[in-house]
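Enquirer:
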Amino acid sequence: MGWFSSLFSSGAGTLVSSIGEVADRFIESPDEKSAFKLQVQQLVQQRDSEVEQSLRKELESKERILVAELNQGDSYTKRARPTVVYAGLVFIGINYVVFPLIGRFAQAFGVQVDATPLADFPVDFWAAWGGICATWSIGRSLEKRGNQAPLTRLTTGSKPVSKLLE
2 MGWFSSLFSS GAGTLVSSIG EVADRFIESP DEKSAFKLQV QQLVQQRDSE VEQSLRKELE
62 SKERILVAEL NQGDSYTKRA RPTVVYAGLV FIGINYVVFP LIGRFAQAFG VQVDATPLAD
122 FPVDFWAAWG GICATWSIGR SLEKRGNQAP LTRLTTGSKP VSKLLE
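Take any residue in the sequence shown, note its place counting from 1, add 1, and you have its number in the working numbering.
In structure tokens form, the structure reads like this:
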């Protein structure tokens, strides 16, 4: 159980002793006091056990979902990052290249057109798109180098290579 049980067992001990002090004020018989403290301690341990079991089940279900997503045969999920990268490039190209060029050509022919981009992209766009581009390029670089570390396989979504093929 490790750190999780030690975390809750220390909290349970102080909780039981606090409840025991309150019970000492109201329960007069020493046998009833010890029986009460024992029963409270059992209830607290039972609750801690239920919490730990529910957390384990939640982690196991998240793990199963992650493994299922990584093992699925759908090739689009493997292309999702490149799609976002290419879409970002299209948005940037249209906003900062195409529209200004159209404006310049229109001005060259004597037509007054506003040559400014449609809108400046917010910092959030640049941060998210830059993070996706960085993750994708690092993952592709590691994948091409043939790095087969577990973290690399998780990042790139590649399957482990047999030792016989190396």
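Glycine residues also receive a C-beta, built at the ideal position from the N, C-alpha and C atoms.
At 4 residues or longer, and completely inside the stretch 28–64: list those alpha helix (DSSP H) runs for me, N to C.
Expert: If we require 4 residues or more, the stretch 28–64 turns out to have no alpha helix (DSSP H) run fully inside it.
Enquirer: Rounded to whole angstroms, what is the Cα-Cα separation between D125 and G131?
Expert: Cα to Cα, the separation comes out at about 10 Å.
Enquirer: Assuming A107 and V114 make a contact with CB atoms under 8 Å, what is their CB distance in whole Å?
Expert: At roughly 4 Å, the Cβ-Cβ gap stays under 8 Å, so A107 and V114 are in contact.
Enquirer: Using a 10 Å radius around the Cβ and a threshold of 16 neighbouring Cβ atoms, would you call D32 buried or exposed?
Expert: Flag for D32 reads exposed.
Enquirer: Starting from the C-beta of F247, find all residues in its chain whose C-beta is less than 8 Å away, skip the five residues before and the five after it, and write them out in chain order.
Expert: The question about residue 247 has no answer here: the residues shown for the chain are numbered 2 through 167.
Enquirer: Which residues bound the alpha helix (DSSP H) around Q108?
Expert: Its alpha helix (DSSP H) spans residues F100 to A109.
Enquirer: Where does R146 fall in DSSP's three states?
Expert: Correct three-state label for R146: helix.
Enquirer: Within 10 Å of its beta-carbon, does D25 have 16 or more other beta-carbons around it, so buried, or fewer, so exposed?
Expert: Exposed is the call here.
Enquirer: Should V86 and W137 be called a contact, given that it needs their Cβ atoms to be closer than 8 Å?
Expert: Closer than 8 Å, so yes.
Enquirer: Checking 8 Å against the spacing of the C-beta atoms, do I20 and V41 come in under that value?
Expert: Yes, Cβ-Cβ distance for I20 and V41 is below 8 Å.
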